[in-house]
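**Student:**
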Amino acid sequence: GDSVTQMEGPVTLSEEAFLTINCTYTATGYPSLFWYVQYPGEGLQLLLKATKADDKGSNKGFEATYRKETTSFHLEKGSVQVSDSAVYFCALSTGNAGNMLTFGGGTRLMVKP
Amino acid sequence: DTAVSQTPKYLVTQMGNDKSIKCEQNLGHDTMYWYKQDSKKFLKIMFSYNNKELIINETVPNRFSPKSPDKAHLNLHINSLELGDSAVYFCASSPNFDGKETQYFGPGTRLLVL
Numbered sequence: 054g055d056s057v058t059q060m061e062g063p064v065t066l067s068e069e070a071f072l073t074i075n076c077t078y079t080a081t082g083y084p085s086l087f088w089y090v091q092y093p094g095e096g097l098q099l100l101l102k103a104t105k106a107d108d109k110g111s112n113k114g115f116e117a118t119y120r121k122e123t124t125s126f127h128l129e130k131g132s133v134q135v136s137d138s139a140v141y142f143c144a145l146s147t148g149n150a151g152n153m154l155t156f157g158g159g160t161r162l163m164v165k166p
Numbered sequence: 029d030t031a032v033s034q035t036p037k038y039l040v041t042q043m044g045n046d047k048s049i050k051c052e053q054n055l056g057h058d059t060m061y062w063y064k065q066d067s068k069k070f071l072k073i074m075f076s077y078n079n080k081e082l083i084i085n086e087t088v089p090n091r092f093s094p095k096s097p098d099k100a101h102l103n104l105h106i107n108s109l110e111l112g113d114s115a116v117y118f119c120a121s122s123p124n125f126d127g128k129e130t131q132y133f134g135p136g137t138r139l140l141v142l
């Protein structure tokens with residue numbers, strides 16, 4: 054079946070540090086890939102997505118590139134802020150089986166001033 | 029205006045009880061979902077529902093049943109609650125079943141079974 058693996062947290066960084074959160078996947082067919090973010094006590098929000106190989110999703114300074122050859126979708130940000138502290142989820146959807154999202158385990162990011 | 033809303037926000041109940049969680053979306057979407065997030069933050073799909081077509085994750089106990097009175101609502105009914113049902117339940121919606129579409133999540137319902 055489909056699966057998503059992302060690096061375990063927590064990831065603790067100082068403000069303005071560079072961020073990378075690794076995400077790899079296995080899927081049948083050609084999935085769309087997503088990064089969702091969950092702030093404390095809130096629901097999930099879409100951060101960015103890519104729907105085909107070599108696409109780059111970007112939003113709020115975050116970027117991720119759909120790499121079919123390495124089945125990866127790593128999340129990066131050049132300079133993190135305290136307000137970026139949250140849990141980040143990598144996910145995929147193939148549109149099969151009711152378009153259900155398959156999530157990775159989540160990575161907690163803590164940014165210190 | 030809240031795009032996807034859930035009620036209640038918190039639910040504390042005893043084992044063996046039956047409870048329902050309501051979900052409404054005002055986005056005009058055709059497809060709605062229920063997800064369960066456990067204490068370790070792991071998210072798992074439970075159901076997706078589109079135009080009366082229900083897709084069930086095979087691991088979901090049959091004590092859980094979604095009910096959709098109309099396209100904008102997908103309620104979750106749980107019978108005979110168990111301790112292991114304690115979790116945060118998220119409702120979501122998307123325009124359709126297309127895998128490229130973004131899913132929009134509600135704020136979650138925190139269920140605690142005592």
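Sequence order for the protein chains is A and B. First residue of the first sequence: 54, per the numbering used here; consecutive thereafter. First residue of the second sequence: 29, per the numbering used here; consecutive thereafter. The beta carbon of each residue, even a glycine, is placed where N, CA and C say it ideally should be. Remember, it's a predicted structure, so these values are computed and weren't measured experimentally.
(1) Does any CB atom of chain B fall closer than 7 Å to the CB of Val-140 (chain A)?
(2) Measuring straight from C-alpha to C-alpha, what distance separates Leu-99 (chain A) and Pro-94 (chain B)?
(3) List the endpoints of the continuous beta strand (DSSP E) containing Gly-110 (chain A).
(4) Please state whether DSSP places Asn-78 (chain B) in a helix, a strand or coil.
(5) What number of angstroms, rounded off, separates the C-alpha of Phe-71 (chain A) from the C-alpha of Arg-120 (chain A)?
(6) Using the Cα positions of Lys-6 (chain B) and Leu-154 (chain A), report the straight-line distance between them to the nearest angstrom.
(7) Contact between the stretch 123-136 of chain A and the stretch 106-122 of chain B is defined here as three or more beta-carbon pairs at a separation below 8 Å; is this criterion met?
(8) Starting from the Cα of Ala-106 (chain A), find the closest Cα among A:Leu-86, A:Phe-115, A:Val-57 and give me that residue.
(9) Mind pulling the chain B residues with CB within less than 9 Å of Asn-152 (chain A)?
(10) Residues of chain A with CB closer than 9 Å to the CB of Lys-50 (chain B), please, in chain order.
(11) Closest to Ile-106 (chain B) by C-alpha separation, out of B:Pro-97, B:Tyr-132, B:Pro-89, would be which residue?
(12) Does Gly-131 (chain A) get closer than 7 Å to chain E when you measure Cβ to Cβ?
(13) Please look up how many angstroms separate the CB atoms of Thr-41 (chain B) and Val-141 (chain B), rounded, as I've assumed it's under 8 Å.
(14) Taking all protein chains shown into account, decide if Thr-73 (chain A) is buried (16 or more other Cβ within 10 angstroms of its Cβ) or exposed.
(15) Output the distance between the C-alpha atoms of Val-116 (chain B) and Leu-97 (chain A), rounded to the nearest integer angstrom.
(16) Assuming Gly-127 (chain B) and Asn-152 (chain A) form a contact by the criterion Cβ under 8 Å, report the distance between their Cβ atoms to the nearest whole angstrom.
(17) At 3 residues or longer, what runs of the beta strand (DSSP E) sit wholly inside the stretch 50-124 of chain B?
**Tutor:** On the basis of the coordinates in this document:
(1) yes
(2) 24 Å
(3) 109-112
(4) strand
(5) 20 Å
(6) Here chain B has residues from 29 to 142 only, and residue 6 (chain B) is not among them.
(7) no
(8) A:Leu-86
(9) Thr-59, Tyr-61, Ser-76, Asn-78, Ile-83, Ser-122, Asn-124, Phe-125, Asp-126, Gly-127, Glu-129, Gln-131
(10) Near Lys-50 (chain B) there are no residues of chain A at all, since even the closest Cβ is about 15 Å away, more than 9 Å.
(11) B:Pro-89
(12) Going by chain labels, chain E is absent from the structure shown, which instead holds the protein chains A and B.
(13) 6 Å
(14) exposed
(15) 12 Å
(16) 6 Å
(17) 59-65, 71-78, 81-84, 92-95, 103-106, 115-122
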